[in-house]
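So in full-length UniProt numbering, spot 176 of the sequence shown is number 176, and the numbers just go up one at a time. Note that the Cβ used here is the ideal one computed from N, Cα and C, for glycine as well. Since we're looking at a predicted model, the values are computed, not measured. See structure below.
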Amino acid sequence: MSTPPRYLQIGIPYHVYNRGNRKNKIFLNVKDYQRFLRKLKEYTKKFDVSLVCYCLMPNHFHLLLVQKDESAITKFMLSLCTSYSKYFNIKHELVGRLFQARFRAKIVETDEYLLHLSRYIHLNSISDDLEDLTFLLNPPSSTPGVERSKIHKQLIDYPWSSYREYCEDNNGICDKNLILDYFSSTQQSNSYESFIESGISEKESEFITPFL
Numbered sequence: 001m002s003t004p005p006r007y008l009q010i011g012i013p014y015h016v017y018n019r020g021n022r023k024n025k026i027f028l029n030v031k032d033y034q035r036f037l038r039k040l041k042e043y044t045k046k047f048d049v050s051l052v053c054y055c056l057m058p059n060h061f062h063l064l065l066v067q068k069d070e071s072a073i074t075k076f077m078l079s080l081c082t083s084y085s086k087y088f089n090i091k092h093e094l095v096g097r098l099f100q101a102r103f104r105a106k107i108v109e110t111d112e113y114l115l116h117l118s119r120y121i122h123l124n125s126i127s128d129d130l131e132d133l134t135f136l137l138n139p140p141s142s143t144p145g146v147e148r149s150k151i152h153k154q155l156i157d158y159p160w161s162s163y164r165e166y167c168e169d170n171n172g173i174c175d176k177n178l179i180l181d182y183f184s185s186t187q188q189s190n191s192y193e194s195f196i197e198s199g200i201s202e203k204e205s206e207f208i209t210p211f212l
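Have a look at this one:
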């Protein structure tokens, strides 16, 4: 019996994520990432879903999505994960379940959470551990932190997130206005870049943890 579609609200952002079964890798090479991104772009158009930002990591992914029609996210994720799983198993001569479970979707109820979440998603290429991010980017005064230039280079050089799309002010697959409209009308990309690279404070880490 098929699983009934979830009820998710229209026009409200959702943090949607999943990881590999038993935390195994779901991307083994560049072509895997490229395939997933092509399908991501294809299905956002097909199912009328807005992709706000994303980050793909070797064994998991994070998406920030807004649906324009009822059940759109559910249909979108079913098609995306099914299509990619079939491709992955054929390509790598594997059998069995690729993802650990059905995708998870958590509603983004406040503007504050939306901004902190987008920062967490983009910082995933450095670490997906909030404690690590808090320490690295906002270390105790007695501990040397990571140079901002190194943080920027690591983030901007990572090819499997939407961060470069935000910073370079180019057109891609994301609907960036939902995030950038919170920043100054001039130099929005620069303002957002500074916000991301300022890191996550201990207080912000405590705020966002229950929603991950």
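Test: residue 46 CB closer than 8 Å to a CB of chain C: The chain inventory of the structure shown lacks chain C, comprising one protein chain alone.
Host alpha helix (DSSP H) of residue 7 (start-end): In the sequence shown, the residue the question calls residue 7 occupies position 7. Here residue 7 belongs to no alpha helix (DSSP H), and DSSP marks it neither H nor E.
Local Cβ density within 10 Å of residue 144, reported as buried at 16 or more and exposed below that: Taking the first residue of the sequence shown as 1, we reach residue 144 at position 144. Confidence at residue 144 is low in this model, with a pLDDT of 47, below 50, so the placement of that residue should be treated as unreliable; the coordinate-derived value is given next. The residue is exposed, with fewer than 16 neighbouring Cβ atoms inside 10 Å.
The alpha helix (DSSP H) enclosing residue 52, as first and last residue numbers: As a working note, residue 52 is residue 52 in the sequence shown. Where residue 52 is concerned, there is no enclosing alpha helix (DSSP H), although the beta strand (DSSP E) it sits in stretches over 49-57.
Given residue 7 as reference, the closest of 195, 22, 94 and 104 once Cα atoms are compared: For the purposes of this step, residue 7 is taken as the residue at position 7 of the sequence shown. Nearest of 195, 22, 94 and 104 to residue 7, Cα basis: 104.
Given residue 56 as reference, the closest of 89, 78, 120 and 66 once Cα atoms are compared: By 1-based counting over the sequence shown, the position of residue 56 is 56. When only C-alpha atoms are compared, the closest one is 120.
DSSP beta-bridge partners of residue 15: Translated into the one-based positions of the sequence shown, residue 15 becomes position 15. DSSP, once it has assigned bridges, lists 64 and 106 as partnering residue 15.
Residue 166, enclosing alpha helix (DSSP H) - first and last residue: Here the question's residue 166 lines up with position 166 in the sequence shown. Note, residue 166: alpha helix (DSSP H), 163-167.
Limits of the alpha helix (DSSP H) - the one that residue 91 falls within: Mapped onto the sequence shown, residue 91 falls at position 91. First-last of the alpha helix (DSSP H) with residue 91: 72-91.
Residue 141 to residue 200 span [Cα, whole Å]: Locating residue 141 in the sequence shown gives position 141, counting from the first residue. Locating residue 200 in the sequence shown gives position 200, counting from the first residue. Reliability of the predicted coordinates at residue 141 is poor, the pLDDT of 46 falling under 50, and no value is obtained from them.
Boundaries (first-last residue) of the alpha helix (DSSP H) holding residue 192: Stepping through the sequence shown from its first residue, residue 192 is reached at position 192. It spans 188-197 - the alpha helix (DSSP H) in which residue 192 sits, taken as one unbroken run.
Backbone secondary structure at residue 27 - three-state DSSP: For the purposes of this step, residue 27 is taken as the residue at position 27 of the sequence shown. Note: residue 27 maps to coil in three-state DSSP.
Test item: CB-CB of residue 78 and residue 63 under 8 Å: Residue numbering aside, residue 78 sits at position 78 when the sequence shown is read from its first letter. Residue numbering aside, residue 63 sits at position 63 when the sequence shown is read from its first letter. Cβ distance not < 8 Å, so residue 78 and residue 63 don't count as in contact.
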